[in-house]
Every structure is written in C-alpha cells, then in structure tokens.
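Q: Starting off with a structure, shown below.
Numbering (my numbering), first residue to last: 16 to 225.
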C-alpha cells in the first residue's frame with residue numbers, strides 16, 4: 016500500500032487556500048487563478064502518485080477508446096441534470112436565481128473563447144487529475160472504493176462552501192458524486208477528464224443555463 020495520506024492532507028490544505036483566494040479574497044483574475052491552482056494541484060498529485068509507485072499513474076492513465084463515448088454521453092447526461100435542476104431550484108429556492116447568476120458573473124472576467132480553451136484543455140482535466148486521480152484514489156486505497164468515493168465527493172463539495180453560495184456547493188457535490196462514481200467504475204481518469212472538459216465548455220460557454 017502506498018503512503019499518500021500525508022501528501023493528500025498537505026494538498027487539501029493548499030486547495031482550501033487557493034479556494035479562499037479565488038472565492039473570497041479575489042485579488043486576481045478568477046480564471047487565471049483557477050488555471051494556476053488546478054495545474055499546480057494536478058502536477059503535485061501526479062508527482063506524489065509517481066513517487067509512491069509508477070504503477071499508480073500507469074493504472075490511472077491507461078487509455079481505452081470506449082472512454083471517449085463514456086465521457087461524451089456522461090457530459091450530456093450531467094448537462095441535462097443541471098438544466099432541469101436549474102428550473103426546479105428556481106421554483107423551490109427564492110435565492111437560487113441570484114446565486115446561479117453570481118457564478119456566471121465570472122464569465123465577464125475574460126474572453127469567452129479563452130475561458131473555453133482553459134476549461135477544456137487545462138482546468139477540467141487538471142481537476143480530474145487531482146480530485147479523482149489523486150484524492151479519491153488515495154482515499155479509496157485507504158478506506159475502500161465506496162467510502163473513498165463518498166468522502167472524496169464530500170470534500171470536493173465542501174471546499175466550495177468557502178464561496179458561501181449554496182447553489183455552487185450543491186453543484187460541486189453533485190459533480191463530485193457523478194465524476195467520482197465514473198472514476199470508481201472505470202478506475203481511470205480518462206472518462207472523467209473527457210466528461211468534465213465537455214461539460215464545463217457546455218455549461219459555461221456553449222449552452223449556459225443563464
């Protein structure tokens with residue numbers, strides 16, 4: 016068994032610091048900060064996987080063509096869930112509209128084409144590499160697949176509490192459970208990378224719900 020728990024604790028603390036800066040302090044451009052944070056966390060996650068055994072990254076990043084279809088279909092399914100969820104939450108919660116609009120306000124901080132490129136090629140993939148490929152895999156090794164999936168999803172959702180936005184928290188929790196389940200099923204980051212990248216592009220740029 017590898018020894019990735021201590022590095023995981025360190026990287027989760029680092030992630031919380033990044034999220035505090037991005038969602039509370041906001042000293043810099045959100046998209047640049049997210050790109051740097053996701054890239055650094057992913058890079059360190061890859062490194063700690065590697066030093067604990069080359070077989071870890073080989074297992075996680077072994078590619079099969081079927082992952083492309085899985086990624087595309089799951090991204091479409093998740094978009095439908097969020098489209099319907101946006102309509103329903105707008106009826107149930109009086110604060111939903113303002114909170115969702117607040118999330119989308121970050122679109123004004125950078126050219127949409129640039130945002131789309133960052134989401135597809137850096138942010139989405141890097142998040143999967145860290146949150147699923149390092150964090151969930153480490154927790155699954157420690158506590159078992161199911162407990163690791165649940166704990167990882169709660170942490171992924173929990174870090175977004177920092178934004179004090181209930182709709183963002185619920186969105187992150189749902190995404191964490193969804194992509195976490197895909198990772199648990201396939202034991203590869205590729206389906207999640209493809210799904211995350213395409214969903215990000217669709218929900219933020221191509222077919223935003225707001």
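Note that the Cβ used here is the ideal one computed from N, Cα and C, for glycine as well.
Since we're looking at a predicted model, the values are computed, not measured.
With DSSP as the reference, label residue 41 as helix, strand or coil.
A: Correct three-state label for residue 41: coil.
Q: Helix, strand or coil for residue 109? Go by DSSP, reduced to three states.
A: Coil at residue 109, not helix or strand.
Q: Starting from residue 198, follow the alpha helix (DSSP H) in both directions and report where the run begins and ends.
A: 181 to 201 is the extent of the alpha helix (DSSP H) around residue 198.
Q: If we ignore side chains and look at the alpha-carbon of each, how far apart do residue 193 and residue 145 end up?
A: For residue 193 and residue 145, the distance between alpha carbons rounds to 16 Å.
Q: With DSSP as the reference, label residue 17 as helix, strand or coil.
A: Looking at residue 17 - three-state DSSP - the assignment turns out to be coil, as it is neither helix nor strand.
Q: Roughly how many angstroms separate the alpha carbons of residue 43 and residue 37, rounded to a whole number?
A: Spanning the two alpha carbons is a distance of roughly 8 Å.
Q: Comparing C-alpha positions only, which one of 88, 131, 150 sits nearest to residue 59?
A: Ranking 88, 131, 150 by Cα distance to residue 59 puts 150 first.
Q: Given this structure, state the Cα-to-Cα distance separating residue 153 from residue 216, to the nearest angstrom.
A: Taking the straight line from one Cα to the other gives about 28 Å.
Q: Nearest CA to the CA of residue 101: which residue from 89, 49, 116, 221?
A: Checked all of 89, 49, 116, 221; the closest Cα to residue 101 is 116.
Q: Roughly how many angstroms separate the alpha carbons of residue 124 and residue 142, rounded to a whole number?
A: Whole-angstrom Cα-Cα distance: 21 Å.
Q: In the DSSP assignment, find the unbroken alpha helix (DSSP H) run with residue 217 in it and report its ends.
A: Counting along the chain, residue 217 falls outside any alpha helix (DSSP H), and DSSP gives it neither H nor E.
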